[in-house]
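Using the numbering used here, read the sequence shown as starting at 806 and increasing by one per residue. Quick reminder that beta carbons are idealized off the backbone N, C-alpha and C, glycines included. Keep in mind the model is a prediction, meaning the values are calculated, not measured. Accompanying notes for the structure given below.
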Amino acid sequence: MNNEELNRLITENGRDIYNFCLNLTMSRQEAEELYQDTFLTAMDKLKEDRNPKSYLMGTAVRLYRNRRRKTAWRQRIAPVSSQEEMQEKADDGTPESEYMEKEERRAVRKAVNTLREPLRTTVLLYYSSELSVEETAKIMHVPAGTVKSRLHKARKLLKNILEADING
């Protein structure tokens, strides 16, 4: 892949891939690293793929899982405390409706982050990245029925979590 093709790929898919990485890692620093690594990997391996966005998201998921696995292994050997809070920008003079919408998004993000790994990744790919069930299945290397099942289970769990948050 030459520089011109890479620039085109970044222009067409960069924002979506970065947002996906940010939703996956919940840290700007980690998202930027994952984003860069995703495109570096794509530079070496992406050929005339029918859907480069799907390939890039699949690459991001694989890199993210590898990092989590390495981090978990390192934590077993030498535990280190980590900060995983995503800092939100303060908006001065925000109307009440924007504030409520922002709080709802924050609550949903928080609830999604409580889901276990396969459910969380499935939800992020399907909703945040707006991929179809088939594309999500291809990226995660599972059947489409598994994606549908995970989405159904995740919706039920998220409903319970958000209802508990509202009522409690």
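Next on the checklist: Using C-beta distances below 6 Å, list every residue in its chain close to Lys858, excluding the 5 sequence neighbours before and after it, in chain order.
Outcome noted: Around Lys858: Asn818.
Checklist entry - When the Cα atoms are used, what is the spatial distance from Gly829 to Asn965? => result The displayed chain sequence assigns Leu, not Gly, to residue 829. If you draw a straight line from the Cα of Leu829 to the Cα of Asn965, it comes to about 22 Å.
Next on the checklist: So, at 7 Å on beta carbons, what are the nonlocal neighbours of Thr864 in its own chain, with the 5 sequence-adjacent residues on each side left out?
Outcome noted: The beta carbon of Thr864 lies closer than 7 Å to those of Thr843, Thr846 and Ala847 in the same chain, with the five residues before and after it left out.
Next on the checklist: Please identify the residue among Leu839, Lys943, Arg911 and Thr927 whose C-alpha is closest to the C-alpha of Asp970.
Outcome noted: When only C-alpha atoms are compared, the closest one is Arg911.
Next on the checklist: Comparing C-alpha positions only, which one of Thr926, Ser832, Met905 and Thr816 sits nearest to Arg870?
Outcome noted: Relative to the Cα of Arg870, the nearest Cα in the group Thr926, Ser832, Met905 and Thr816 belongs to Thr926.
Next on the checklist: Do Leu924 and Leu930 count as a contact pair if the criterion is CB distance below 7 Å?
Outcome noted: If you check the CB distance, Leu930 and Leu924 do not come in under 7 Å.
Next on the checklist: Please tell me whether Val928 and Ala959 are closer than 7 Å, where the distance is taken between their beta carbons.
Outcome noted: Going by C-beta atoms, Val928 is nearer than 7 Å to Ala959.
Checklist entry - Can you find a C-beta in chain C that's less than 7 Å from the C-beta of Glu922? => result In summary, chain C is missing from the structure at hand, where a single protein chain is found.
Checklist entry - What residue does the alpha helix (DSSP H) around Ser954 start on, and which one ends it? => result The continuous alpha helix (DSSP H) containing Ser954 extends over residues Ala949 to Asn972.
Checklist entry - If we ignore side chains and look at the alpha-carbon of each, how far apart do Leu811 and Met945 end up? => result One C-alpha to the other measures close to 24 Å.
Next on the checklist: Whole angstroms are fine: how far does the CA of Ala949 sit from the CA of Thr941?
Outcome noted: It is roughly 8 Å from the alpha-carbon of Thr941 to the alpha-carbon of Ala949.
Next on the checklist: Could you check whether Leu868 and Tyr860 sit closer than 7 Å to each other, using their CB atoms as the reference points?
Outcome noted: Not closer than 7 Å, so no.
Next on the checklist: Relative to the C-alpha of Ser933, which candidate in Tyr823, Asn807, Glu835 and Ile815 has its C-alpha closest?
Outcome noted: Relative to Ser933, the option among Tyr823, Asn807, Glu835 and Ile815 whose CA is nearest is Tyr823.
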